[in-house]
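In my numbering, the protein residues as written are 26 to 174.
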Amino acid sequence: MANMKKPVKAAIFALCILGAGCSAQYRNHGYVPSEEELTEVVIGVDTRESVAETLGAPTAGGVLEEGGFYYVRSRVRTFGPRRPQEVSRELVAVTFDTSGTVANVERFGLEDGQVVTLSRRVTDNGLGNISFIRQLLGNLGSFDPNGLL
Numbered sequence: 026m027a028n029m030k031k032p033v034k035a036a037i038f039a040l041c042i043l044g045a046g047c048s049a050q051y052r053n054h055g056y057v058p059s060e061e062e063l064t065e066v067v068i069g070v071d072t073r074e075s076v077a078e079t080l081g082a083p084t085a086g087g088v089l090e091e092g093g094f095y096y097v098r099s100r101v102r103t104f105g106p107r108r109p110q111e112v113s114r115e116l117v118a119v120t121f122d123t124s125g126t127v128a129n130v131e132r133f134g135l136e137d138g139q140v141v142t143l144s145r146r147v148t149d150n151g152l153g154n155i156s157f158i159r160q161l162l163g164n165l166g167s168f169d170p171n172g173l174l
C-alpha cells in the first residue's frame, strides 16, 4: 500500500502543475478614460490643452496637427500554447474643429473595428530555392588565386 501512495502523489502533483500552466493569462495595454472623466470634456468649449489636462496624454494623435486625440485600450488573452487573442478593445476618439475646440467625443469597441488587409511587396533576389551553403560551395569553383596577388 505504501508503494501506491508515491505514484498517486506524483500524478496529482503533475496534474496541478499542468493545470496551472494551462490557465488563461490576460494582459492589458493602453488607457481609455472613464465615462466620468469624459463628462468633464465640454464640446465646443474645451481645447486640446484642456483635454490633455483632463484626460491625460492621448495614446495616439491625428496625422495632421489638426487631428484628433485617440485613447486605445486592449485586452489580450493567452491560453497555453495557443496564439494570443485580443478579446476586447476600446477606442475613444476626441476630434477638434478648425479653431482647436472639441467637436465630438466617440467611443468604439472591438465589434466596430474592421479588418484591414495589408499588402506586402517583396523584391525577388533571383536565387530561387538555392540555400546559403549551396551558394557558398558553388563559388569555390570560380576562385582564382592569381587575383590575390
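Using N, Cα and C, we set each Cβ at its ideal position, and we do this for glycine too. All values derive from a computational prediction rather than experimental measurement.
query = In whole angstroms, what is the alpha-carbon distance linking residue 35 and residue 101?
reply = 33 Å
query = In chain order, what residues of the same chain have a beta carbon less than 8 Å from the beta carbon of residue 70, not counting five sequence neighbours either side?
reply = The answer, listed in chain order, is 126 and 127.
query = What residue range is occupied by the uninterrupted alpha helix (DSSP H) comprising residue 79?
reply = 73 to 80 is the span of the alpha helix (DSSP H), which, as asked, contains residue 79.
query = Can the beta-carbon of residue 130 be found less than 7 Å from the beta-carbon of residue 67?
reply = no
message = In whole angstroms, give me the CA-to-CA distance for residue 133 and residue 115.
response = 6 Å
query = Short check: CB of residue 55 to CB of residue 84, under 7 Å?
reply = yes
query = What do you reckon, are the CB atoms on residue 117 and residue 57 nearer than 7 Å?
reply = yes
query = Which of the three DSSP states, helix, strand or coil, is assigned to residue 84?
reply = coil
ask   = According to the Cβ coordinates, are residue 104 and residue 49 closer than 7 Å?
value = yes
key: Simplified DSSP assignment, three categories, for residue 159   = helix
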